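Data block below; observations after.
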């Protein structure tokens, strides 16, 4: 594992390198079988439609799985529009370029069990409904947000949009329970619609809402989740300056949502033992 589809690397005129003109998927692979595979393919296909480029053939996307072997791995697929065009103008007939990387993976079970500390980020996400939900290659906002902290005790940073609405964490989706109701931010203006998020929306009565960050002060429980790491319950929320704003004690309410998510990924569903 660790191989790439093209050892020669990326041409300098590749539009994904030059402009972020492309998409990616990060897939948990268990014993050679990709988890939530159809959901990943569906999101990639939607992204290709929005960007106006052909979807790679399914057999090409699945080819790396033959090298996965036993155990857990993460498959990263990158699809760009390829080379060509003049400046920002895309080529009339795109020739997409597919690259991939397969890496061994060990999830952090401590974060499943003990929960995590998170913080608000100062950076605000720009609004772009056309790209909302997609896992496109333009991730500079996330890079800048992640650079806001370096301490190992902080697991993630929460992001709001330019109008101060909660959106997501830098690489995970956000969920909370308030007044007994499960909620998650709407992702119609920006943010990534995660495949695990889609599973939870199908299996649990989760409302998609517009909410300011202050809503978390009245939450009974808060979680972060994605299709690789699973679900981390949040035990402490800090402000952008590092000051503690809210703390939660883990209980049965945290484990219920986590169990549904972990069942879908093949991760442990009982974590209090």
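In my numbering, the protein residues as written are 695 to 967. We treat Cβ as the ideally placed atom computed from N, Cα and C, and that holds for glycine. Note that the coordinates shown come from a computational prediction; the quantities given were computed from them, not determined experimentally.
Alpha carbon of residue i to alpha carbon of residue j, nearest angstrom
i: residue 761; j: residue 718; result: 19 Å
i: residue 918; j: residue 818; result: 19 Å
i: residue 916; j: residue 745; result: 34 Å
i: residue 839; j: residue 861; result: 13 Å
i: residue 737; j: residue 897; result: 19 Å
i: residue 726; j: residue 758; result: 9 Å
Collapsed DSSP secondary structure at residue i in the structure displayed
i: residue 783; result: strand
i: residue 833; result: coil
i: residue 704; result: coil
i: residue 934; result: coil
i: residue 926; result: strand
i: residue 695; result: Its pLDDT being 34, under 50, residue 695 is placed unreliably by the model, and the measurement read from it follows with that caveat. It is coil, neither helix nor strand.
i: residue 952; result: helix
i: residue 905; result: coil
i: residue 942; result: coil
i: residue 800; result: coil
Nearest residue (CA-CA) to residue i, options the options
i: residue 807; options: 944, 958 and 739; result: 944
i: residue 663; options: 958, 868, 883 and 729; result: Past the edges of the chain, shown from 695 to 967, lies residue 663, and the structure says nothing about it.
i: residue 909; options: 822, 876, 710 and 882; result: 876
i: residue 749; options: 842, 733, 940 and 775; result: 775
i: residue 841; options: 856, 813 and 805; result: 813
Cβ-Cβ distance between residue i and residue j below 8 Å
i: residue 792; j: residue 769; result: no
i: residue 929; j: residue 809; result: yes
i: residue 885; j: residue 920; result: no
i: residue 800; j: residue 834; result: no
Length at least 3, wholly inside the region 836–890: the beta strand (DSSP E) runs in chain order: Taken in chain order, the unbroken stretches of beta strand (DSSP E) that lie wholly in the region 836–890 and span 3 residues or more are 848–855, 860–863, 867–872 and 875–879.
Beta strand (DSSP E) segments (min. 3 residues) lying fully within the region 722–775: Complete beta strand (DSSP E) runs here, min 3: 766–774.
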